[in-house]
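A.B. asks: The structure that follows is given in the form of structure tokens.
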């Protein structure tokens, strides 16, 4: 049974796999508990900082504020990115998608400054920077998915007598929706990186990024680790929800994966 | 006295040539598939299509299916003949593509809905599911089907929307003997469904394909009078075999007939020639 855990491509029983994961987490916690690194806060300190953050500094409210902003940005960015990516079917719009994809190299700090000049409220600045940042990453991933369309797939649709728009709808839009959702899931992590940065640059609205910035500034390492763990767990939960939605709406997606 | 007669053409290729970046792949191909009639039988046509790997068979198939415009020449299909457009000719590619995001029933319905009103399309899909032994799998996604089921589904999908002409690319590849018999049965069934139904079978399995065909095409390079190899492959008159006239078509157990064995040997020798 243990041998399976070290055999390439083996598929151990679910119970064995989860017992292994639990064991690994336990070893990590025990190491943290009994062999603390000098610079790294102990488990007890992090737990205490977490309680303090929740009770006195509104960690949950700040997390909620950041999460709702991130979700709003992701929703709008997804619609924009899908539109831009699908428009690459038309040669006229290809330069636009190409340019949007390359804009991921722009720095958010410089962008925030321009957004602040153009928009009146802090929330709008934060949201628009996040939308921009997420859109350019999503367009890159989504156009890559579209480019995986094969000649065989298009030929198949054409032999059924579908016209070019219908072929595009069937093969590229409907046929790759599950992959698009996967692109959105993967890029949601980038929004968390951006939101903490944007909240630091534009502090009027608070958020978990600002909370993290304050812990860093006053060298509350235990607080920093506690917030990072909260973000990590939130991200893991998001991944789980996206995976669930993928299985729910696109049951065929899991069938394509290697077993 | 032959017990068959030939009538109007169902597929006509005229002077087809194809070049890619100046490289000639196909040259001057002219062919006809005529409607063959046999007394008391609803007899479609089966064309076996051979050629060495990489010689351009798939390119010619895509041209016949209207998926690739030839550099020169024309393809006409139907009765009466008209220039081919995508959708006129069914093309079952080697990996039997289906829409992975649709169930088997929906895959067939997409095809049937191209030619029929919704209620009629659903009824036709039901008929084809039954005929191809796929009814118990109607709710499955393509990834849940076996290779044989997938192949039958792909053929059924193309039959539901194409105009009598269907190309099967390597339908016997990787199948065991029982499955090969099953596919042969399907091809024969398709060609006896309608007088005008025509199946072009692209294959490297000479014995199996020849045994169900009434016509053979061999795509091969050609040499000029001086013995120089001409650029691109073609199907010469000598490489168009009429099995019906040779008495080798529509005969059960034909693969044991000495003339059939000789023909297969001749085909192998021709394919080996450069």
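Protein chains in written order, with the numbering used here: chain A, 1 to 259; chain B, 1001 to 1274. From the three backbone atoms N, C-alpha and C, an ideal C-beta is built for every residue, glycine too.
Would you list the one or two residues that DSSP bridges to residue 243 of chain A?
C.D. replies: For residue 243 of chain A, which the question treats as bridged, DSSP gives no partner whatsoever.
A.B. asks: Please determine, among B/1005, B/1183, B/1232, the residue with the shortest C-alpha to C-alpha distance to residue 1041 of chain B.
C.D. replies: For residue 1041 of chain B, the nearest C-alpha among the options comes from B/1005.
A.B. asks: Residue 1194 of chain B by DSSP, collapsed to three states: which one?
C.D. replies: coil
A.B. asks: Counting C-beta neighbours from all protein chains within 10 Å, is the total for residue 17 of chain A 16 or more, i.e. buried, or is it exposed?
C.D. replies: Looking at its Cβ environment, which holds fewer than 16 other Cβ atoms inside 10 Å, residue 17 of chain A is exposed.
A.B. asks: Less than 8 Å between the beta carbons of residue 1146 of chain B and residue 1171 of chain B, yes or no?
C.D. replies: Between residue 1146 of chain B and residue 1171 of chain B, the CB-CB gap reaches or exceeds 8 Å.
A.B. asks: Rank B/1250, B/1194, B/1241, B/1032 by C-alpha distance to the C-alpha of residue 1212 of chain B and give the top, closest one.
C.D. replies: Of B/1250, B/1194, B/1241, B/1032, the smallest CA-CA separation from residue 1212 of chain B is found for B/1250.
A.B. asks: So, do the region 1099-1117 of chain B and the region 174-188 of chain A have three or more beta carbon pairs nearer to each other than 8 Å?
C.D. replies: yes
A.B. asks: What's the call for residue 105 of chain A, buried or exposed, on a 16-neighbour Cβ count within 10 Å?
C.D. replies: exposed
A.B. asks: Which same chain residues end up closer than 6 Å to residue 1027 of chain B when comparing Cβ atoms and leaving out the 5 residues on each side of it in sequence?
C.D. replies: 1017, 1232, 1234
A.B. asks: At a Cβ threshold of 8 Å, is residue 1143 of chain B touching chain A?
C.D. replies: yes
A.B. asks: Kindly indicate which three-state DSSP category residue 1107 of chain B falls into: helix, strand or coil?
C.D. replies: helix
A.B. asks: If I measure Cβ to Cβ from residue 181 of chain A and keep anything under 6 Å in the same chain, skipping five residues before and after, which residues do I get?
C.D. replies: 246
A.B. asks: Which residue comes first and which comes last in the alpha helix (DSSP H) that contains residue 1217 of chain B?
C.D. replies: Residue 1217 of chain B -> not in any alpha helix (DSSP H); beta strand (DSSP E) instead, spanning 1215-1223.
A.B. asks: Does the distance from the C-beta atom of residue 1128 of chain B to that of residue 1109 of chain B stay below 8 Å?
C.D. replies: no
A.B. asks: Do three or more CB pairs link the region 55-72 of chain A to the region 197-212 of chain A at distances below 8 Å?
C.D. replies: yes
A.B. asks: Would you decide whether residue 118 of chain A is buried or exposed? Buried here means 16 or more other CB atoms lie within 10 Å of its CB.
C.D. replies: exposed
A.B. asks: Output the distance between the C-alpha atoms of residue 185 of chain A and residue 239 of chain A, rounded to the nearest integer angstrom.
C.D. replies: One alpha carbon belongs to residue 185 of chain A, the other to residue 239 of chain A, and they sit about 6 Å apart.
A.B. asks: Tell me, please, which residues DSSP counts as bridged to residue 1165 of chain B.
C.D. replies: In DSSP, residue 1165 of chain B forms a bridge with B/1089, B/1198.
A.B. asks: Please determine, among B/1071, B/1035, B/1162, B/1047, the residue with the shortest C-alpha to C-alpha distance to residue 1206 of chain B.
C.D. replies: Per the Cα distances, B/1047.
A.B. asks: Beta-carbon of residue 220 of chain A versus every beta-carbon of chain B: anything under 8 Å?
C.D. replies: Taking Cβ atoms only, chain B never reaches closer than 8 Å to residue 220 of chain A, which makes this a no.
A.B. asks: Tell me the start and end of each unbroken alpha helix (DSSP H) in the region 151-211 of chain A that is at least 4 residues and wholly inside, in chain order.
C.D. replies: Listed in chain order, the complete alpha helix (DSSP H) runs (minimum 4 residues) inside the region 151-211 of chain A are 151-159, 164-167, 177-201.
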